[in-house]
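Residue numbers (my numbering): 4 to 590.
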C-alpha cells in the first residue's frame, strides 16, 4: 500500500515534469546485501533511480562525511540516505547531510522541525514511520522504548506522545527493565535484544516491534513459542517508507524550484542630511555574506562560487535548471549625449531596483557591466552608482572585482601576440619548417588537431592524414599570408595611458627587422568584451571568438582567430569571466 501510494505520487510528478529523474544516493558501510537488494527492489517498483556508494567495512566517520559532502553538492542527486553500523550514527555524520536532501530525517534541522510539530515540513525517519504505521490506535496505551537512542529514539518518542501514548524509555541493562516490560502495552526494541533478556518478561498480549538496523524479515523468533506477544519487525516496511520520503522530498524540491517571491531580508537604510560622500555611505552599510544573499534569492549551493565575503560567481548550470521558468520583464536604462562625468545610468538602474525589490517586494536584479579602471582612475570615477543608490562594497566593485576585465586583457593580448608571431615565422621559415612546427611528430606519430582539420575543410582539403598532403596543400595550410598593414587587432590595457595610443612593435634584434606601427586600446573596447556581453554559453562564446576578423591576407581575404588556431586558448582564458558576478546594493 505504501509503495503503491509512492509510485502514484511519483508518476504524477513525472507527468507534470517530464524531464524529472529523481535520484536517491545511499551510502553503505557494511556487507549486508539484503538491505542493498531491498532498497533497489523498492526503488525500482516506485520508479526511483538509486545509486549505492559501498564504502569498505571499517570506514571512518571522516571518510563517510567526505562522501556525504561530495553528494551534497551533486545537483543530480536529490536525496541522500545512510546505511551504516550503529556506531557510526553520530551527530557529526548525520548533520553532514544537507537537510533538504536528508531522506532519513535524522539531521538536527529536520529532527528539530519534527519535535516542534512541523511534520509536514520535514521527513519523518522511515523506521519511525514504519512503527507508527504498525501501531494503529495507541491513545492511552503505555509504550516502552528499549535501546532506542539518538535521533531515532527522540523522533519516535515525540510522535508517540503526540498520538496520546504514555511513553517510557530505558536501556537494556536498566534495573527497572523487567518491571517496565511487565506493564507495557507496546514494546519497541530500538536495537537487537540481548540473548540473556528473556521474552517471558514481556506482558502477555503486548505488541513487540523490533527496529534493529539489520532486520529485514517480518517476524522474529525470540525463543519462546508459547509467548502470546505479537511480534513484528519494521524491516522492509521501513525501506518502503524511505522511498515514500524520497518522493515527498521530490515534491518539496519541485516546489522550491517554482517561481516565487524571494525570502529576501533587505538591508535598512538610514539617510543622513547633508548627504555624505559615496564612499562614506558605502562603508556605513554592512553587506550580508554572498552565500546568504544567494540562498535568499533561490540559488543552490552548487550554483555559486564564493569570492571573498561579498562576491560570488553564478554558474551557468543555473540556466539549465531554470529553463522552464516563465520569462520576466526586461527594462533597459539608456543614456544619450555622453558627458565627461557620465549620465547617471548606473545610479538610476540601482535606484530603480532598490525601489522595486526593497519597497514593492518585486523580484528584480540590476544588471551592470563592471567598471573599467581607466575611467575609475580618471575624471569620471567609478560606476557603482551614487548616493543612496549604489553597489556595495564600492571599492570591490570598482576595482578588480573577480578579474573578468583582466581575463579579457589576457585573451586579447594573447591573440595580438599570435598575429605578430605568425607573421614573423612565415617571413623567416620555409613551408616544411612551418608544417613541422604546426603538426609536430609526437611519439613517432603526426596528427591534425580538431581546429586544424576545420581549417583544412575551409581550404577545400578533405584529408585527415598529415603525410598525404601535397606540397601545394601544405603551403596553403601553413601560410596565412597576413598583410601587416591590414591588422586591425590591437593590444589593450585597462588604464588611460595616452602614450600607448600609437606605438612601434618589433624593435628587438630577435624580431629580425619586422617593425610595424600599432596601438593600445582600453581593455573594455576589445571585441572580446562585446562577445562576453552577447554570448549565451561557453560553446557560443567559443564560436564567436573564432569568427573575429583580425586582419586581411595579401589577396584581401579576411583572417580570423580560428585561422590562427587560438580559439580554444581564448575560450579557456574566458571560462570564468562568462559567469555573472553576484553582488548587492545598499538596500
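Glycine residues also receive a C-beta, built at the ideal position from the N, C-alpha and C atoms.
Buried or exposed: where does residue i fall if 16 or more other Cβ atoms within 10 Å of its Cβ makes it buried?
i	result
residue 370	exposed
residue 518	exposed
residue 51	buried
residue 4	exposed
residue 247	buried
residue 500	exposed
residue 502	exposed
residue 588	buried
residue 140	exposed
residue 301	buried
residue 198	exposed
residue 513	exposed
residue 30	buried
residue 47	exposed
residue 393	buried
residue 530	buried
residue 42	buried
residue 97	buried
residue 423	buried
residue 213	buried
residue 15	exposed
residue 275	exposed
Between residue i and the rest of its own chain, which residues show a CB-CB distance below 7 Å, the 5 nearest in sequence each way excluded?
i	result
residue 105	83, 113 and 126
residue 226	Bear in mind that the predicted position of residue 226 carries a pLDDT of just 38, short of 50, making it too unreliable to give a figure here.
residue 288	270, 395 and 589
residue 124	116
residue 272	391, 589 and 590
residue 367	356, 359 and 360
residue 166	141 and 142
residue 299	265, 266, 267 and 268
Name the two residues that bound the continuous alpha helix (DSSP H) containing residue i.
i	result
residue 591	Here the chain comprises residues numbered 4 to 590, so residue 591 is not present and cannot be evaluated.
residue 172	Looking at the DSSP string, residue 172 is not in any alpha helix (DSSP H); the run it does join, the beta strand (DSSP E), is 169-173.
residue 603	Coverage of the chain is limited to positions 4 through 590, which leaves residue 603 absent and any answer about it impossible.
residue 84	No alpha helix (DSSP H) contains residue 84, which is instead part of the beta strand (DSSP E) from 82-86.
residue 116	111-118
residue 506	Element bounds for residue 506: not the alpha helix (DSSP H) but the beta strand (DSSP E), 506-508.
residue 186	180-186
residue 147	Counting along the chain, residue 147 falls outside any alpha helix (DSSP H), though it belongs to the beta strand (DSSP E) covering 145-149.
residue 2	Within the shown structure, residues of the chain are numbered from 4 to 590, placing residue 2 beyond reach of any answer.
Please list, in chain order, all residues of the same chain as residue i whose beta carbon is under 6 Å from its beta carbon, the five residues on each side excluded.
i	result
residue 269	361 and 590
residue 433	none
residue 374	385, 386 and 401
Pick helix, strand or coil for residue i, following the three-state DSSP scheme.
i	result
residue 590	coil
residue 39	helix
residue 286	helix
residue 77	coil
residue 556	strand
residue 463	coil
residue 228	In this prediction, residue 228 has a pLDDT of 39, which is less than 50 and means its spatial position is unreliable; what the coordinates show is noted afterwards. Coil at residue 228, not helix or strand.
residue 403	coil
residue 315	strand
residue 561	strand
residue 486	coil
residue 223	Note that residue 223 scores 43 on pLDDT, short of 50, meaning its location in the model is unreliable; the coordinates nonetheless yield the value given after this. Three-state DSSP puts residue 223 in coil, outside helix and strand.
residue 571	helix
residue 152	coil
residue 577	coil
residue 394	strand
Which residue marks the beginning of the beta strand (DSSP E) containing residue i, and which one marks its end?
i	result
residue 308	307-310
residue 213	210-213
residue 519	519-521
residue 340	Taken as a continuous stretch (DSSP letters only), residue 340 belongs to no beta strand (DSSP E), as it is neither H nor E.
residue 3	In the structure as shown, the chain starts at 4 and stops at 590, and residue 3 therefore has no counterpart that could be examined.
residue 176	Segment: none, residue 176 is in no beta strand (DSSP E) and carries neither H nor E.
residue 495	494-496
Can you list, in chain order, the residues of its chain whose CB lies under 8 Å from that of residue i, leaving out five sequence neighbours each side?
i	result
residue 26	51, 52, 53, 54, 79, 80, 81 and 82
residue 307	293, 294, 297, 315, 316, 317, 318 and 585
residue 484	429, 556, 557 and 558
residue 457	565
residue 491	552, 553 and 554
Q) Given 8 Å as the limit, is there contact between the region 545-555 and the region 568-577, that is, 3 or more CB pairs closer than that? A) In short, these stretches touch, since the Cβ pair count reaches three.
Q: Determine contact between the region 444-454 and the region 525-542, defined as no fewer than three beta-carbon pairs at a distance below 8 Å.
A: no
Q) Should the region 546-565 be called in touch with the region 397-404, which here means at least 3 C-beta pairs below 8 Å? A) no
Q.
Using 8 Å as the cut-off, can you tell me whether the region 418-428 makes contact with the region 459-476, which would need three or more C-beta pairs spanning the two stretches below that distance?
A. no
**Q.** Given 8 Å, three or more beta-carbon pairs between the region 343-358 and the region 239-246
**A.** no
Q) Between the region 141-152 and the region 182-191, do three or more beta carbon pairs fall short of 8 Å? A) Yes: at least three Cβ pairs fall under 8 Å.
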